[in-house]
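Engineer: Structure provided below as structure tokens; questions to follow.
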């Protein structure tokens with residue numbers, strides 16, 4: 179775009195802006211003739227008069243909930259009386275809370291107990307076969323074999 183073209187485009191925009199401003203001026207004068215306020219009543223074309231508090235009956239939340247609090251309190255008291263039965267208060271099993279609290283500890287102990295039982299069984303089996311790493315278990319296994327041999331020798335006699 180050349181400088182002449184840019185200048186012509188700018189002149190056209192300025193001319194359009196001037197026309198628009200001139201047109202708005204006429205509209206503004208028409209708008210000024212109509213009063214636009216919150217207190218203006220367009221039907222009577224006068225200002226609204228302020229109403230006193232006694233003349234206007236307003237629907238408020240307080241009126242809607244009037245007496246609701248007392249009703250809720252009465253219903254709550256009736257419900258508490260019904261729920262106060264001793265059968266509803268006492269748990270079905272008196273030790274349910276103890277079982278709940280000790281369940282984690284007991285599960286750990288049960289696992290360790292099972293491991294200990296398995297190791298004892300393995301040691302006894304190994305001792306019976308004479309493959310025990312435990313010196314006492316090996317000596318016991320030899321003593322058991324001697325007793326079995328002596329018993330079988332005495333039975334043969």
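Numbering (our numbering), first residue to last: 179 to 335.
We put the CB at the ideal spot given by N, CA and C, even for glycine.
#1: Can you grab the Cα-Cα spacing for the pair residue 293 / residue 328, in whole Å?
#2: For residue 219 and residue 226, I'd like the C-alpha separation in whole angstroms.
#3: Report buried or exposed for residue 119, applying the criterion of at least 16 other Cβ atoms within 10 angstroms of its Cβ.
#4: Tell me whether residue 291 sits in a helix, a strand or coil according to DSSP, three-state version.
#5: Under three-state DSSP, which class holds residue 244?
#6: Spell out the partners DSSP gives residue 224 in its beta bridges.
#7: In three-state terms, what does DSSP make of residue 271?
#8: When we look at the beta-carbon of residue 319 and count the other beta-carbons within 10 Å, is it buried (16 or more) or exposed?
#9: Where residue 271 and residue 278 are concerned, what is the direct C-alpha to C-alpha distance, given to the nearest angstrom?
#10: What three-state label does DSSP hand residue 237 in the structure shown?
Structural biologist: On the basis of the data shown:
#1: What you label residue 293 is simply residue 115 of the chain shown in a count that begins at 1. What you label residue 328 is simply residue 150 of the chain shown in a count that begins at 1. So the two alpha carbons sit approximately 36 angstroms from each other.
#2: Residue 219 sits at position 41 when you count from the first residue of the chain shown. Residue 226 sits at position 48 when you count from the first residue of the chain shown. Their Cα atoms are separated by approximately 6 angstroms.
#3: No answer is possible for residue 119: it lies beyond the span of the chain, which begins at 179 and ends at 335.
#4: Along the chain shown, one-based indexing puts residue 291 at 113. DSSP places residue 291 in helix when its eight states are reduced to three.
#5: Counting from one through the chain shown, the residue named residue 244 turns up at place 66. The answer is coil: DSSP assigns residue 244 none of H, G, I, E or B.
#6: As a working note, residue 224 is residue 46 in the chain shown. Residue 224 pairs with 219.
#7: For the purposes of this step, residue 271 is identified with residue 93 of the chain shown, where counting begins at 1. Coil, per DSSP.
#8: What you label residue 319 is simply residue 141 of the chain shown in a count that begins at 1. Residue 319 should be labelled buried.
#9: If you number the chain shown from 1, residue 271 lands on position 93. If you number the chain shown from 1, residue 278 lands on position 100. If I take the Cα positions, the gap works out to 12 angstroms.
#10: Here residue 237 refers to the residue found at position 59 of the chain shown. Correct three-state label for residue 237: coil.
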